[in-house]
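Structure, as structure tokens:
In this note's numbering, the protein residues as written are 13 to 307.
This is the structure in structure tokens:
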């Protein structure tokens with residue numbers, strides 16, 4: 013296969029190829045936006061586009077990039093040795109990237125030998141979840157004293173940054189963020205200011221938090237969701253999540269989705285199941301350090 017860098021002129025080709033191998037249709041406009049943020053290479057064979065690989069570069073202050081690929085043939089898992097090799101090569105040339113992560117449907121595993129040859133290692137299972145739009149809290153849950161509920165405007169940025177780093181220190185799914193990244197995120201039109209809910213101690217320390225972002229096509233994506241280790245197991249996250257779900261119900265915001273480590277050491281996935289979230293897709297994340305790959 014002859015690989016070349018994709019351009020805006022390839023938006024229709026990328027949309028068609030991606031739509032063949034995904035659960036949703038990708039429009040040419042969405043593919044164009046994708047091409048603006050991801051590094052994409054496509055493989056031509058004759059007059060047809062046979063495959064594409066893509067790498068999302070790390071955000072500022074991060075080191076992990078994300079990879080994706082599509083093929084015109086259904087036997088893409090059998091061809092991962094070739095396509096995955098090209099994906100890793102693209103990652104090697106991506107500035108600032110030291111870890112590449114891919115996600116594979118759990119029911120369609122890639123051949124273990126091909127993954128091993130490219131030095132990919134299993135990282136953790138990923139669950140995408142959506143609320144059932146029926147299981148709602150029947151009352152406001154209290155926070156354990158002396159914590160109180162707060163909104164985003166009630167929290168100093170350095171207090172939230174400290175809470176985020178502490179809450180996710182033992183988590184695999186979420187990477188560290190810089191204050192600059194938070195400024196960009198919360199300043200965007202997608203940030204759901206009305207949903208952001210905090211548990212705040214008398215000294216101003218953030219003990220827990222639930223943030224949300226609006227989807228461009230409607231609905232809400234919750235996250236990050238976190239609780240400081242010293243407050244876990246005391247109902248903090250349940251109270252915060254119940255509050256956010258009640259606001260979503262009142263504003264008729266649906267669907268409500270989130271992504272969670274399927275083997276979270278805090279058993280967060282079980283908490284979400286109890287609050288009405290259902291697993292819509294099970295994935296397995298694999299990671300590789302491209303610079304450490306044996307060539």
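Note that CB positions come from ideal geometry on N, CA and C, so glycine has one too.
- Residue pairing by DSSP puts residue 80 in a beta bridge opposite 66.
- DSSP places residue 115 in the uninterrupted beta strand (DSSP E) bounded by 111 to 117.
- Boundaries of the beta strand (DSSP E) harbouring residue 140: 133 to 143, taken from the DSSP string.
- One alpha carbon belongs to residue 226, the other to residue 243, and they sit about 28 Å apart.
- When the beta-carbon positions are compared, residue 142 and residue 241 stay at least 7 Å from each other.
- Taken in chain order, the unbroken stretches of beta strand (DSSP E) that lie wholly in the stretch 145 to 220 and span 3 residues or more are 160 to 163 and 209 to 212.
- Less than 7 Å divides the Cβ of residue 93 from the Cβ of residue 126.
- With a cut-off of 8 Å on Cβ pairs, the stretch 152 to 161 is not in contact with the stretch 193 to 203, counting fewer than three such pairs.
- In this structure, the beta-carbon distance from residue 257 to residue 219 does not fall below 7 Å.
- Taking 7 Å as the cut-off, the beta carbon of residue 300 is found closer than this to the beta carbon of residue 132.
- When the alpha-carbon of residue 67 is set against those of 34, 119, 39 and 101, the nearest one is in 101.
- Ranking 81, 13 and 118 by CA distance to the CA of residue 295 puts 118 first.
- For residue 126, no beta strand (DSSP E) encloses it; the enclosing alpha helix (DSSP H) starts and ends at 124 to 129.
- The secondary-structure analysis by DSSP pairs residue 233 across a beta bridge with 225 and 269.
- Secondary structure note for residue 23: its alpha helix (DSSP H) is the uninterrupted segment 23 to 32.
- Here residue 15 carries a strand assignment [DSSP, helix/strand/coil].
- Closest in C-alpha terms to residue 62, from the list 116, 129, 29 and 269, comes 29.
- Between residue 212 and residue 162, the C-beta spacing is below 7 Å.
- Within 10 angstroms of the beta-carbon of residue 49 lie fewer than 16 other beta-carbons, which makes it exposed.
- Under the 8 Å Cβ criterion, the stretch 95 to 110 does not count as touching the stretch 275 to 283, having fewer than three qualifying pairs.
- Within the model, the alpha-carbon separation for residue 43 versus residue 255 is close to 36 Å.
- Within the DSSP secondary-structure output, residue 51 pairs in a beta bridge with 67.
- Taking all protein chains in view, the Cβ of residue 215 is surrounded by fewer than 16 other Cβ atoms within 10 Å, so the residue is classified as exposed.
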